[in-house]
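Single-structure report; data block below.
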Amino acid sequence: MGRSYIVEDAVEGYLSELCEQRAGSVTGLLLGQSSPQRDFVVTATRTPPTEETLAGNSVDKEWVTEHARQVSRMLPGGLSVLGVFIITDTEAKDTLTTLRQLVFAVENLISSETLWSPAEDDVTDCVALHVNRKTRKTFCRTFDVKDPKSTAKPADWKYQSGVCSSWGMVSCCLLVDMLVPLPDKRTDPEYMDKCLKEELRGWAQQVESGVCLIDGKKLAEDAEFPGGQKRNVRQTYTAQILITPREQRLAEVERRCGGSVSLTGAVHSRAYLHSNKPKARLAEKLLKRDAVSTVATRVQMLLEELLTSEEENKSSGKHKREHCLPHRVFCPLKASRPLCVCDYQFSDESVCEVTERLKEMLDIDADEGDLDTRQESPAENTEREIAAEPTMETVVAPEPKRNTFIGVAMATAVALLASAASMLYLYDV
Amino acid sequence: MVVTDSSDSGTILRVRGPLEFRCQLDSTDALLMHKVISRTFATLHSQVKSESCVLTVCESPVIIWPNKGVYVTPEEITPNTLCEDIHQWIQTDEQESAGKRSSKKKSKKSSAASVINLSLMMEATKTGPLSAPILRRTLQKSHFLSTTLPMDCVVRITCSDTIKDAFECLMEALTHQLLPDSQLETHRKELHQQFELQGDWPYFRRANAFHFPNELYKDGYLRNPHMVLTHPTLDNGKVYLVQGIYSYHHYMQDHVDDNGWGCAYRSLQTICSWFQQQGYVERAVPTHREIQKALVDVGDKQGSFVGSRQWIGSIEVQAVLNQLLEVTSKIMFVSQGSELASKGRELANHFLTEGTPIMIGGGVLAHTILGVAWSETTGQIRYLILDPHYTGAENLQVITDKGWCGWKGPDFWDQTAYYNLCLPQRPKVI
């Protein structure tokens, strides 16, 4: 039994347009949501044209993959790259190898960047769609990306209108508060990246194992997500996430460092759910994954900026630097309401740069007025506040009341501090 | 802070959870380090007092926001619901296998108070929109401290306590764990009055944490082996016992072969363990070397004493208790062992007012007296003895069966030898 793809009508129109517009082969991505029973394709986007692809018939595999990586950063929870399409004049059997390569490459690249662990119930089939330019006929097959030796399996490809009209959305505003030490000898951005990634992985696990409340209630594992069964009724739910702070091994209580990095603020996270009797745990899984990836994506984007920016290469005497992470902006998919895609806007960028990226990456024509910028407020650069913080030089008078939280050992070396902190809680009496 | 009253089977609320303690110390100046660490503790304190602090009842869907007017989910429970009703929401094994296990559970319930376990968590979400994250990088050679503070807090509730009452009480107790012991003295005074406790017993010092039945003592020493014994019944007699917890120290422990010479040292260790466990001192039980060094320090012995296998007696025990623990002791002298039979009143009084273990040395032996059974009318007397000459493993069965901890009659003592007893006095503080 092959998989079944339910595809939004507008995608048919889009693929037709692509057939007419250009000669040569056109590749692109199919975006949507998988579920154990069937898959939903809500939109498609062509690989942005480059000079080489416009010229000849060739498919730039690396660019297709890179495009997929960037697009997946622009998809909120519940939406992902389901597979690849190709429009050519040739027969379906001729493109099979290419499609297979593309599907695997795309999937491998995207999953290498994710910080969460794959779940048992994740669907691992990806779609490879061939469209014959002349006849407009579609040939739909799937590959199981978990199995490198998998062969193409036929799948159903059916167009339908209003596929997403009753989809639900669950969202939350998640606080982030991390403090990471940087090693003594290495405080460059590359190492900062490494340290942050490790911390983010730990944080991702915390979020994954956290308790998720939907509309203030902890739903049972197998409970159905209170989603819209009626068509054209929008359902939005607010989630809360409760986390347990991490246990730390005592061996690492105190260490020398060359500095530290802190990440504080909040992110808006959301996930869309299909309306085909989804389970509450699916909503939880998708929301948590979105939360983790939106933070990771932004940190990644910032670090990429820092690594390339010229300012950083100059040896700056500054001890403290502050960088604002980009804030999240949403753009509705006109043909697939109520779904939205998203992008990230740096504080020094204008809104039109966002609309340009949406056009280039997702082939979306959006006006500034279409964008939803209300979900997050841009981070405020508080450098002036940092200067006002009491530094070593300004502390002159001793404190009138000695608050000895840790006994007498405080006054001596740092090594004693660490052991004293652990002795404070005398549980091994 | 748990007063186990066998007549009232109340419920205990226990909340556990880790708090992450992280800070960067960019100075070795003690004052500044103080400041940073204090600030970090203050941050944790405010976290626990914030609306983001959440308590989840283990094995149940009940979640409580104690700082948000004690808001509870599911909706059926309100802050005015009786706290004990939470039990109904807790999923136990019995719910699944009906009948088979229920009888076992009933018999267990009567002996101990039931415990509602809670986990301390933080709500990581808030209503938005909020500002996007900022990354701050500080370049400064410094020290990074990171550890986990294992919060563990208990309150006892009565059947008339509402959730609101109980949780407000619990949160106060929890936030107090983030304050130092000395600052808590006024709080302890209040608690003493509240529970109508004797003014000079340190019930509420940290070390007197309630020992949950399912937890093991990690240091491997037996505690209060005398508790499993059947106490003698004498005509018109009463039993007077050591009050509180001590550990049993004896020959060959801690890889020290003190067979034949260390009995008084071991008795002294048992006494020290009593002071530590009741929270009078934080100092760990001293080793043989530390005991010997203390005696050299006070001028009682020459330097060569340290590392030797020389015996000590009650006077030395008194000196060490004074030097290392700042505990004073009374010395009782009997010119012959037979006189001990007439010391019933004094010994009974000691256990009543001081309640500390007694070290007795005479002839060639030293022992620890943990209690007396004495009849004022008949003069009959028995002594509860803890014998430090035992060389085996920490096997409670063997120790009690063979009488290494057991009740002895007056003929236990050498009737002609003289004995000195060291009676440690309990410091009258809370």
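Residue numbers (UniProt numbering), protein chains in the order written: chain A, 1 to 429; chain B, 1 to 430. By construction, the Cβ of each residue, glycine as well, lies at the ideal position given by its N, Cα and C atoms.
Excluding five sequence positions before and after residue 86/B, the CB atoms of its chain that fall closer than 8 Å to its own CB belong to 57, 60, 62, 77, 116, 163, given in chain order. Residue 114/B: not part of any alpha helix (DSSP H); member of the beta strand (DSSP E) spanning 114-123, first to last residue.
Shown here for residue 259/B: same chain residues with a beta carbon closer than 7 Å to its own, the five before and five after excluded, namely 251, 252, 391 in chain order. In terms of Cβ geometry, residue 272/A and residue 167/A form a close pair [threshold 8 Å]. Within the segment 116-150 of chain A, no residue has its Cβ closer than 7 Å to any Cβ of chain B. Excluding five sequence positions before and after residue 360/A, the CB atoms of its chain that fall closer than 7 Å to its own CB belong to 48, given in chain order. Judged by pairs of C-beta atoms under 8 Å, the segment 141-151 of chain A does not touch the segment 258-265 of chain A, as fewer than three such pairs exist. A straight-line Cα-Cα distance of about 8 Å links residue 314/B and residue 264/B. Residue 423/B is a Cβ neighbour of residue 330/B, given a cutoff of 8 Å. Residue 139/B and residue 321/A have their C-alpha atoms spaced approximately 9 Å apart. Under the Cβ criterion of 8 Å, residue 141/B is counted among the residues facing chain A.
Cβ-Cβ distances below 7 Å link residue 318/B to 329, 331, 422 in the same chain, with the five nearest sequence neighbours on each side left out; the list follows chain order. Between residue 269/A and residue 242/A, the C-beta gap is not smaller than 8 Å, which leaves the two residues out of contact. Measuring C-alpha to C-alpha distances from residue 328/A to each of 338/A, 374/A, 335/A, 10/A identifies 374/A as the nearest. Per DSSP, reduced to three states, the secondary structure at residue 71/A is helical. In the DSSP annotation of this structure, the continuous segment of the alpha helix (DSSP H) that includes residue 47/B starts and ends at 30-49.
The distance from the Cβ of residue 175/A to that of residue 126/B is about 6 Å, consistent with a contact at the 8 Å cut-off. Assigned with DSSP and collapsed to three states, residue 354/B falls in coil, not helix or strand. Uninterrupted beta strand (DSSP E) stretches at least 3 residues long and entirely within the segment 230-292 of chain B occur at 237-241, given in chain order.
In this structure, DSSP gives residue 87/B a helical state, which the three-state scheme calls helix.
Of the residues assessed, residue 136/A falls on the exposed side of the cut-off, its CB having fewer than 16 other CB atoms within 10 angstroms. For a cut-off of 8 Å, the C-beta gap from residue 23/A to residue 61/A is around 20 Å, too long to register as a contact.
Look at the segment 263-285 of chain B: the residues with a C-beta under 8 Å from a C-beta of chain A are 276, 277, 282. Less than 8 Å separates the beta-carbon of residue 99/A from that of residue 86/A.
Take the alpha-carbon of residue 41/A and the one of residue 200/A: they are about 31 Å apart. Taking 7 Å as the upper bound on Cβ-Cβ separation, chain B lies near residues 216, 217, 218 of the segment 214-228 of chain A. Taking a contact as a CB-CB distance under 8 Å, the pair residue 405/B and residue 248/B counts as one, their CB atoms being some 7 Å apart.
Pairing residue 224/A with residue 280/A gives a Cβ-Cβ distance under 8 Å.
Looking at 362/B, 347/B, 348/B, the one whose alpha-carbon comes closest to that of residue 336/B is 362/B.
Between residue 49/B and the set 170/B, 274/B, 371/B, 273/B, the nearest pair of CA atoms involves 170/B. Listed along the chain, the chain B residues whose CB falls inside 7 Å of the CB of residue 256/A are 143. When rounded, the separation of the alpha-carbon atoms in residue 364/A and residue 356/A is 9 Å. Proximity of residue 321/A to chain B, defined by a Cβ-Cβ separation below 8 Å, is satisfied. The Cβ of residue 240/A sits closer than 8 Å to at least one Cβ of chain B. The straight-line gap separating the alpha-carbon atoms of residue 154/B and residue 246/B is approximately 23 Å.
Secondary structure of residue 407/B (DSSP, three-state): strand.
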